[in-house]
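Asks: Residue numbers (the numbering used here), protein chains in the order written: chain A, 54 to 304; chain B, 54 to 304. From the three backbone atoms N, C-alpha and C, an ideal C-beta is built for every residue, glycine too. As the structure is a computational prediction, the values presented were derived from the model and not from experiment. Structure below; questions to follow.
Number of protein chains: 2
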Amino acid sequence: MYSVRMRSAQGGAHEVGGRHISGAERIVSQDMVEQTTNAMLERAFSHTRGKADFINIVVEKIQENKVQEVPLLSVQTVSVCDVPVGRHTAQSVLAQAGVTSLAAQIGMTALLSLADSMGGAMLLCAVTGRRLDDTGSRGVRVSRMDIADEQGVTALLADRGINNTHVREALVLASKVAAAPGMVAELCWSDDPEYTTGYVASPAGYVRIPHCKPLGSLLGGRVFFVKPDVDIDIVKDYLSHQPVLVGLTYR
Amino acid sequence: MYSVRMRSAQGGAHEVGGRHISGAERIVSQDMVEQTTNAMLERAFSHTRGKADFINIVVEKIQENKVQEVPLLSVQTVSVCDVPVGRHTAQSVLAQAGVTSLAAQIGMTALLSLADSMGGAMLLCAVTGRRLDDTGSRGVRVSRMDIADEQGVTALLADRGINNTHVREALVLASKVAAAPGMVAELCWSDDPEYTTGYVASPAGYVRIPHCKPLGSLLGGRVFFVKPDVDIDIVKDYLSHQPVLVGLTYR
Numbered sequence: 054m055y056s057v058r059m060r061s062a063q064g065g066a067h068e069v070g071g072r073h074i075s076g077a078e079r080i081v082s083q084d085m086v087e088q089t090t091n092a093m094l095e096r097a098f099s100h101t102r103g104k105a106d107f108i109n110i111v112v113e114k115i116q117e118n119k120v121q122e123v124p125l126l127s128v129q130t131v132s133v134c135d136v137p138v139g140r141h142t143a144q145s146v147l148a149q150a151g152v153t154s155l156a157a158q159i160g161m162t163a164l165l166s167l168a169d170s171m172g173g174a175m176l177l178c179a180v181t182g183r184r185l186d187d188t189g190s191r192g193v194r195v196s197r198m199d200i201a202d203e204q205g206v207t208a209l210l211a212d213r214g215i216n217n218t219h220v221r222e223a224l225v226l227a228s229k230v231a232a233a234p235g236m237v238a239e240l241c242w243s244d245d246p247e248y249t250t251g252y253v254a255s256p257a258g259y260v261r262i263p264h265c266k267p268l269g270s271l272l273g274g275r276v277f278f279v280k281p282d283v284d285i286d287i288v289k290d291y292l293s294h295q296p297v298l299v300g301l302t303y304r
Numbered sequence: 054m055y056s057v058r059m060r061s062a063q064g065g066a067h068e069v070g071g072r073h074i075s076g077a078e079r080i081v082s083q084d085m086v087e088q089t090t091n092a093m094l095e096r097a098f099s100h101t102r103g104k105a106d107f108i109n110i111v112v113e114k115i116q117e118n119k120v121q122e123v124p125l126l127s128v129q130t131v132s133v134c135d136v137p138v139g140r141h142t143a144q145s146v147l148a149q150a151g152v153t154s155l156a157a158q159i160g161m162t163a164l165l166s167l168a169d170s171m172g173g174a175m176l177l178c179a180v181t182g183r184r185l186d187d188t189g190s191r192g193v194r195v196s197r198m199d200i201a202d203e204q205g206v207t208a209l210l211a212d213r214g215i216n217n218t219h220v221r222e223a224l225v226l227a228s229k230v231a232a233a234p235g236m237v238a239e240l241c242w243s244d245d246p247e248y249t250t251g252y253v254a255s256p257a258g259y260v261r262i263p264h265c266k267p268l269g270s271l272l273g274g275r276v277f278f279v280k281p282d283v284d285i286d287i288v289k290d291y292l293s294h295q296p297v298l299v300g301l302t303y304r
């Protein structure tokens, strides 16, 4: 198995100040590597956020016995009429998951105050809302994950009328994140200007919330709320380095 | 135009101590990017030095008006019967190019003392033989170059019976290197265990020397001899970052 990951930027590499355009994560067999990198290149060249002029692709062998299988989160969509209601709903779902209203408020504000989208996520304390990672505007990248049973997940999402790339990829990422040590909940909305549906995910499930941001907005990001006593290096290492395949088994 | 470059290693990424397996450099139009990355992946997976388990590919847009065209070096093959004669010949050609015998001896010893192959090159003073770069066992990578007229170069090399990947790529690299500010000469032999022909290149031409190392040896590398008064940062920047197309015009 190979972890294939791509990140793309505009105005040069991320490291030299380029603007993040897109990222992608797959775990595939060797005979699928070329097909996977080709799809990633096409995506980087034709993203709604702009055309990348810097694309970095890494192909890395992973030991199959080191891959952890985690369950796919159950999906639910709540119905909201506009952005204020959408954001209020997000805060309620965060509260149900165990995030204090102070931390939820701080996390929401952090996402809304971004100068530009982050490639990675901010890690906040679920009690105090204090930021716990030291990755600045880059954020912690969630890497090395894919779907164990692609046909099964595709069928499941198609059945609910939500089988699109956004949902599929976000659900895989959120399922990996929810299984992280000390994870309480995740708040996310996309940086794709044409995609306004965000979500709150926790070990209890993945709650889709339409209208988390106005149509046309290029600002999106992720906030992970973790327990106060968690070892942040262990969480970061799991998120970035632990290979994970997301299975169809529900919790 | 896009610079497409690949580096591969075994035992993890180069940065974490992986062993360098192969590298490749192209400058191509956008419609050739996928074909180019696919060829690079196939190469990394099937190199004579071993199968890579870490592959990094970067695709980066370059401004056409920033591309420098440099002439292709003229090619000559000298006839030598064995490795000692081959190495002695290399030292003579280096001397003709303006490298002192002290510096040539130090450069040769440096290549022969490598614990493992280097992805990049060592920069030595052409007078004293002192190492001038600070890149350690990684070396200075020569990057962002390709052939301007691929058919023309292929025809020229085929005409001489030396149209293989080794010669084509080395000749492009050596032509870029020879045009660097303050460059006196280059000494190189491959890390491919099945390819024993090395070369000495200078602005005066590219001299192929069969039997620079014994068949089966995995040790190869590059030494660049530069003038004592050169600004090493300018040389490094040109070698690693200046996009160069190598034309058919001879000097």
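Suppose the cutoff is 6 Å on Cβ atoms and the five residues either side in sequence are ignored; what does the same chain contact list for residue 183 (chain A) look like?
Replies: So no residue of the chain qualifies.
Asks: Just list the alpha helix (DSSP H) runs in the segment 130 to 169 of chain A, keeping only unbroken ones of 4 residues or longer that don't cross its boundaries, in chain order.
Replies: Those alpha helix (DSSP H) runs which fall completely within the segment 130 to 169 of chain A and span 4+ residues are 136 to 150 and 154 to 165.
Asks: Report the residue from B:235, B:154, B:105 and B:172 whose alpha carbon sits nearest the alpha carbon of residue 243 (chain B).
Replies: Selected option, being the one with the closest Cα: B:172.
Asks: Three Cβ pairs or more, each shorter than 8 Å: is that satisfied between the segment 138 to 146 of chain B and the segment 241 to 255 of chain B?
Replies: Contact between the segment 138 to 146 of chain B and the segment 241 to 255 of chain B is present, because at least three Cβ pairs lie under 8 Å.
Asks: Looking only at its chain, what residues have a beta carbon closer than 6 Å to the beta carbon of residue 304 (chain B), apart from the 5 residues adjacent to it on each side?
Replies: Because the pLDDT at residue 304 (chain B) is just 43, under 50, the model does not fix this residue reliably, and the value given afterwards should be weighed accordingly. The answer, listed in chain order, is 124.
Asks: If you run the structure through DSSP and keep just helix, strand and coil, what is residue 205 (chain B)?
Replies: Three-state result, residue 205 (chain B): helix.
Asks: For the beta strand (DSSP E) that contains residue 261 (chain B), what are its first and last residues?
Replies: Segment 258 to 262, the beta strand (DSSP E) holding residue 261 (chain B).
Asks: Determine the burial state of residue 267 (chain B): buried for a count of at least 16 other Cβ atoms within 10 Å of its Cβ, exposed for fewer.
Replies: Result: exposed.
Asks: Kindly indicate which three-state DSSP category residue 118 (chain B) falls into: helix, strand or coil?
Replies: Helix, per DSSP.
Asks: Say whether chain B places a C-beta atom closer than 9 Å to the C-beta of residue 119 (chain A).
Replies: Cβ-Cβ to chain B under 9 Å: no for residue 119 (chain A).
Asks: From residue 255 (chain A) to residue 66 (chain B), what does the alpha carbon distance come to, in whole angstroms?
Replies: Answer to the nearest angstrom: the Cα atoms are 33 Å apart.
Asks: What is the residue span of the beta strand (DSSP E) that residue 73 (chain B) lies within?
Replies: Taken as a continuous stretch (DSSP letters only), the beta strand (DSSP E) holding residue 73 (chain B) covers 72 to 81.
Asks: I'd like to know whether the C-beta of residue 80 (chain A) is nearer than 9 Å to at least one C-beta of chain E.
Replies: This model lacks chain E altogether, as its protein chains are A and B.
Asks: Between the C-alpha atoms of residue 75 (chain B) and residue 60 (chain B), what's the straight-line distance to the nearest angstrom?
Replies: Cα-Cα distance, rounded: 6 Å.
Asks: Along the chain, where does the beta strand (DSSP E) containing residue 96 (chain A) start, and where does it finish?
Replies: Run containing residue 96 (chain A): none in the beta strand (DSSP E); it sits in the alpha helix (DSSP H), 86 to 98.
Asks: Compare the C-beta of residue 289 (chain A) with all C-beta atoms of chain B and state if any pair is closer than 9 Å.
Replies: No - not a single Cβ of chain B is within 9 Å of the one on residue 289 (chain A).
Asks: Using a Cβ-Cβ cut-off of 9 Å, state whether residue 268 (chain A) counts as contacting chain B.
Replies: No - not a single Cβ of chain B is within 9 Å of the one on residue 268 (chain A).
Asks: Cα-Cα, which of A:229, A:91, A:73 and A:271 is closest to residue 85 (chain B)?
Replies: Selected option, being the one with the closest Cα: A:91.
Asks: Whether or not the segment 112 to 127 of chain B and the segment 246 to 265 of chain B are in contact is what I'm after, with contact meaning three or more pairs of Cβ atoms, one per stretch, closer than 8 Å; do they touch?
Replies: Result yes; three or more Cβ-Cβ pairs closer than 8 Å.
Asks: In the DSSP output, which residue or residues are listed as bridge partners for residue 295 (chain A)?
Replies: Answer is none; residue 295 (chain A) lacks a bridge partner.
Asks: Once DSSP output is grouped into helix, strand and coil, what is the label at residue 111 (chain A)?
Replies: Note: residue 111 (chain A) maps to strand in three-state DSSP.
Asks: What are the residues of the segment 242 to 263 of chain A that lie near chain B, defined by any Cβ-Cβ distance shorter than 9 Å?
Replies: For the segment 242 to 263 of chain A, which is checked against every Cβ of chain B, not one residue is closer than 9 Å.
Asks: When the Cα of residue 258 (chain A) is compared with those of A:218, A:157 and A:151, which residue comes out closest?
Replies: Nearest of A:218, A:157 and A:151 to residue 258 (chain A), Cα basis: A:151.
Asks: Could you work out which residues of chain A lie near residue 74 (chain B), taking near to mean beta carbons separated by less than 8 Å?
Replies: Per Cβ cutoff of 8 Å: no residues; residue 74 (chain B) is ~12 Å from chain A at best.
Asks: Among all the DSSP beta bridges, which residues are the ones paired with residue 211 (chain A)?
Replies: None; residue 211 (chain A) has no bridge partner.
Asks: Measure the C-alpha to C-alpha separation of residue 22 (chain A) and residue 206 (chain A) and round it to an integer number of angstroms.
Replies: Since the first residue shown for chain A is 54 and the last is 304, residue 22 (chain A) is missing from the structure and cannot be characterised.
Asks: So, does the CB of residue 280 (chain B) fall closer than 9 Å to a CB anywhere in chain A?
Replies: No, because no Cβ of chain A sits closer than 9 Å to the Cβ of residue 280 (chain B).
Asks: Quick check: the Cα distance between residue 210 (chain B) and residue 198 (chain B), rounded to an integer number of angstroms?
Replies: Using only the alpha carbons, I get a separation of about 18 Å.
Asks: Return the CA-CA distance between residue 169 (chain A) and residue 279 (chain B), expressed in angstroms with no decimal places.
Replies: Near 44 Å, if we compare the C-alpha coordinates of residue 279 (chain B) and residue 169 (chain A).
Asks: For the structure I just gave you, are there three or more beta carbon pairs, one from the segment 184 to 195 of chain A and one from the segment 108 to 117 of chain A, closer than 8 Å?
Replies: The answer is no - the segment 108 to 117 of chain A does not touch the segment 184 to 195 of chain A, with fewer than three Cβ pairs under 8 Å.
Asks: Alpha carbon to alpha carbon, how far is residue 208 (chain A) from residue 216 (chain A)?
Replies: Answer to the nearest angstrom: the Cα atoms are 8 Å apart.
Asks: For residue 83 (chain B), which residues from the same chain have a beta carbon less than 8 Å from its beta carbon, with the 5 sequence-adjacent residues on both sides left out?
Replies: Correct list, in chain order: 55.
Asks: Please report how far the alpha carbon of residue 105 (chain A) lies from the alpha carbon of residue 161 (chain B), in whole angstroms.
Replies: Going from the Cα of residue 105 (chain A) to the Cα of residue 161 (chain B) covers about 43 Å.
Asks: Suppose contacts are defined by Cβ-Cβ distances below 9 Å. Is residue 153 (chain B) in contact with residue 179 (chain B) by that definition?
Replies: Contact flag set, yes.
Asks: Could you list which residues in chain A have their beta carbon closer than 8 Å to that of residue 106 (chain B), in chain order?
Replies: Correct list: 113 and 114.
Asks: Would you list the residues sitting across from residue 252 (chain A) in a DSSP beta bridge?
Replies: In DSSP, residue 252 (chain A) forms a bridge with A:241 and A:261.
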